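Read the sequence shown against full-length UniProt numbering and you will find it ends at 288, with the numbers running on by one and no gaps.
For every residue, glycine included, the Cβ atom is placed at its ideal position computed from N, Cα and C.
Since we're looking at a predicted model, the values are computed, not measured.
Remarks on the structure that follows.
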Amino acid sequence: MKPCIKSPLVTGQWLEQYLNNDKLILLDASMEKVVGKSPLLYDTFSCIPGAKKLDLENELCDLTSSQTHAFPTAEQFVEIISGLGITQASQVVIYDNQGIYSSPRAWWIFKVMGFDNVYVLDGGLPQWLAEGRATADCFSSTALADSMIAPGREFEANVQDTWVCDSAYLLDKLSDKHLSILDARGAKRFSGEAAEPREGVRSGHIPKSVNLPFSQVLDGHCLKTTEALRQIFAGLTNEQDTQRIFSCGSGITACILILASVEAGYQHNVLYDGSWAQWGRDHKLPIE
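Shown next, in the form of structure tokens:
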């Protein structure tokens, strides 16, 4: 039931076809707090039938860290996905209620933890609704009997440590001519014209970084075409780059750019997880 393409995306048509497949695990990774865009609001709750809730804000992050939205530990990740009935044999599709907003963050967490069979629903819930597809009024229960879970070996994390970096790594790489740093925040926050939404965080951006607001890789609720994304990155990055490092406010919307970069065919993508919430707060780190 894998999509027959190497894209990190699946369409609503594909998902609708496989909703009842016992290997499919559908996760709603919507967040309560939406930053950097006007949030889509709903009069009544709805979700895609069979979806389970994946709580990025309160569960799938390291709450012992002082960092905003810190990446979860491998132990946390395995415990959470095991509770959702996910095994090595599962096919995971993730969406959110803003189109493409927080689902790429969840997708990248899965990828970093070594789980390959994970995809983002292009356009998320808004596109699903626009296409007139069926919805449910509550999430699927995660308390499933063992007999209802598709057979498969329990997942064991194989963490890809080089796909996430910290401020020390990024600081050391600032002089690397074969590396691009892309910031997903809005233009006025990047330039320092707009105040940061988090207290104690300086205005500006990481030296050498270039601005690519996440809205620029979107077409309505969906990701832009592969060719359009290639053209965007070609205008901002170098073909000889050994890495692209992505940042944003707190590590959420940077993953939209990572999704776009992967869709455009580039594989050496790294998330600066602390992002500007960490860099801008640390007065020992340089800013522009």
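Cβ-based burial, residue i [other Cβ within 10 Å; buried from 16]
i      : result
Gln231 : exposed
Pro72  : buried
Leu236 : exposed
Asn20  : exposed
Asn238 : exposed
Arg153 : exposed
Gln267 : exposed
Val10  : buried
Asn58  : exposed
Leu212 : buried
Ser180 : buried
Thr162 : exposed
Asp146 : Its pLDDT being 45, under 50, Asp146 is placed unreliably by the model, and the measurement read from it follows with that caveat. Asp146 should be labelled exposed.
Ala234 : exposed
Spatial distance of residue i from residue j (CA atoms)
i           : j      : result
residue 337 : Asp172 : This structure gives no information on residue 337, because the portion of the chain shown stretches from 1 to 288.
Val210      : Pro286 : 15 Å
Val118      : Ser66  : 28 Å
Asp43       : Ala157 : 39 Å
Tyr272      : Val112 : 13 Å
Gly186      : Ile109 : 23 Å
Ile245      : Glu32  : 26 Å
His178      : Gln240 : 6 Å
Ala184      : Ala130 : 26 Å
Gly192      : Leu60  : 31 Å
Ser7        : Val93  : 13 Å
Val35       : Gly123 : 18 Å
Ile25       : Glu227 : 30 Å
Ser247      : Lys188 : 15 Å
Gln278      : Val201 : 8 Å
Gln76       : Gly114 : 14 Å
Ser215      : Lys208 : 21 Å
Ala70       : Asp22  : 32 Å
Gly280      : Phe190 : 11 Å
Leu174      : Gln243 : 12 Å
Phe97       : Leu170 : Residue identity differs from the one stated: residue 97 is Asn in this sequence, not Phe. In a straight line, the C-alpha of Asn97 is about 32 Å away from that of Leu170.
Asp55       : Leu229 : 29 Å
Ala254      : Asp219 : 17 Å
Asp176      : Lys284 : 20 Å
Met148      : Cys138 : For Met148, the predicted structure reports a pLDDT of 49, less than 50, and the residue's modelled location is therefore unreliable. The matter cannot be settled from this model.
Rounded distance between the beta-carbons of residue j and residue i, thought under 8 Å
i      : j      : result
Ile256 : Val217 : 6 Å
Ser140 : Ala51  : 6 Å
Pro104 : Leu259 : 4 Å
Leu15  : Leu121 : 6 Å
Leu27  : Ala106 : 7 Å
Ser250 : Thr64  : Rounded, the Cβ-Cβ distance is 16 Å, inconsistent with contact.
Reference residue i, options the options, closest by Cα
i           : options                        : result
Trp128      : Ile206, Gln13, Lys111, Gln91   : Gln13
Val164      : Thr11, Ile25, Asn269, Asp55    : Asn269
Ser275      : Gly204, Val112, Ala234, Ser175 : Gly204
Asp116      : Lys33, Lys224, Ser180, Gln91   : Gln91
residue 291 : Gln278, His283, Lys224, Glu288 : Residue 291 is absent from the structure shown; the chain starts at 1 and stops at 288.
His221      : Val78, Ser102, Pro207, Asp55   : Ser102
Ser167      : Ser7, Asp282, Lys23, Val34     : Asp282
Gly83       : Lys53, Phe214, Asp137          : Lys53
Gly132      : Ile48, Phe77, Leu24            : Ile48
Phe155      : Ala74, Ala70, Tyr18            : Ala74
Thr134      : Asp22, Ala106, Gln17, Ser175   : The sequence given here has Ala at residue 134, not Thr. Looking at the Cα atoms, Gln17 is the closest of the given residues.
Ile80       : Asp96, Tyr95, Asp62            : Asp62
Val159      : Tyr95, Val78, Cys138, Asp176   : Val78
Glu288      : Ile206, Asp219, Asp55, Leu229  : Ile206
> Within the chosen definition, does the region 262 to 271 reach the region 195 to 206 through at least 3 CB pairs nearer than 8 Å?
Replying inline: no
>> For the region 77 to 91 against the region 32 to 45, do three or more pairs of beta-carbon atoms, one drawn from each stretch, fall closer than 8 Å, so that the two count as touching?
In response: no
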